[in-house]
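Residues are numbered in our numbering as their position in the sequence shown, beginning at 1, plus a constant of 2.
We treat Cβ as the ideally placed atom computed from N, Cα and C, and that holds for glycine.
All values reported here derive from a predicted model rather than from experimental measurement.
Everything on this sheet refers to the single structure shown next.
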Amino acid sequence: LSRLRRRLIQDLHAQGMSYAQIAEKAGLSRGRIHQIRHTGPAPEAAFLGVGTVTVATPLRHDQVKDRPVLSLDDMATGQALEELVRSFDMQALSDHVTVDGRVDLNRPNLVVVCGPAMSEAMRTAYDTDPVIRWEHPHKGLWLLTDTRTGQSYRSGQEMDPRQPTDVAYLGRLPRPDGKGTFLAIGGIHPQGSRGVAHFLNGEVASLWGQVGSERFSVLVRSTYDPDTGLPQSAELITPVYRHDQDEK
């Protein structure tokens, strides 16, 4: 409710009403309007979820240690997303996609960081996207294709000469049970997913303004420090595609 109140006040103010006018129409004091504006999660927090948000990252098999491990890049991505959730005064939980690709997608307020190569469940979910496609022309190469323009994007790691860039998918996809959606993030390589987390840290409000809680997808290109993997910049390289509009 506090999020909805804040959003209503923001929307009315954006339409040209002063806070004094909003207070008068609502029968509240200007002090109370000011308090509401700064109480509870910001409206854009709903881009991530409306309650406790679960962030799932993929486990990988360590052949040396013969056990599941979390890569440093995936760990950093998960931590960055959890910190973003907590910055909105919401709780964050961590979970994992198992080594064999199992993950429960039928949960509310879920963010999954995993590409199609590591999980059949995620591969099936990505296939529901009406605009952006994952393609795997041959072993060792994954592409992200905007079917609207026909443009395919690859990671800088597969370029000659090699470049410290990566491309990642960001979108909201339907749950398998049809009872909601979840947020999907998948870099061609882990550095791409880390770039999405970096991007969201500064642009989540803008995305929320464009898509709200509806299904969508977009591609993000990021550059990173080749020694540390730290994202240096991230930008959208496709339009933000609203799936409800593409299905009409």
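Taking the continuous alpha helix (DSSP H) assigned at residue i, which residues delimit it?
| i | result |
| --- | --- |
| arginine 174 | Note, arginine 174: premise wrong, no alpha helix (DSSP H); beta strand (DSSP E) at 167-176. |
| alanine 82 | 74-89 |
With DSSP collapsed to three states, give me the class of residue i.
| i | result |
| --- | --- |
| isoleucine 24 | helix |
| leucine 209 | helix |
| glycine 188 | strand |
| valine 57 | strand |
| alanine 48 | helix |
| glycine 29 | coil |
| valine 198 | helix |
| glycine 18 | coil |
| proline 132 | coil |
| aspartate 162 | coil |
Can you tell which of the options has its C-alpha closest to the C-alpha of residue i?
| i | options | result |
| --- | --- | --- |
| methionine 92 | Trp136, Met19, Pro45 and His63 | Pro45 |
| aspartate 131 | Thr100, Leu10, Leu146 and Arg156 | Leu146 |
| tyrosine 155 | Ala22, Gly103 and Thr240 | Thr240 |
| alanine 199 | Arg223, Gly211 and Gly142 | Arg223 |
| leucine 232 | Lys181, Asp76 and Ser31 | Asp76 |
| proline 110 | Ser219, Pro178 and Val220 | Pro178 |
Please list the terminal residues of the continuous beta strand (DSSP E) segment that includes residue i.
| i | result |
| --- | --- |
| threonine 126 | Segment 122-128 is the alpha helix (DSSP H) holding threonine 126; no beta strand (DSSP E) there. |
| aspartate 148 | 143-148 |
| valine 115 | 112-115 |
| aspartate 97 | 94-99 |
| serine 154 | 153-155 |
According to DSSP, what are the bridge partners of residue i?
| i | result |
| --- | --- |
| histidine 63 | Pro70 |
| glutamate 137 | Leu145 |
| threonine 183 | Pro176 |
Inside the stretch 214-246 only - alpha helix (DSSP H) runs reaching at least 4 residues:
none
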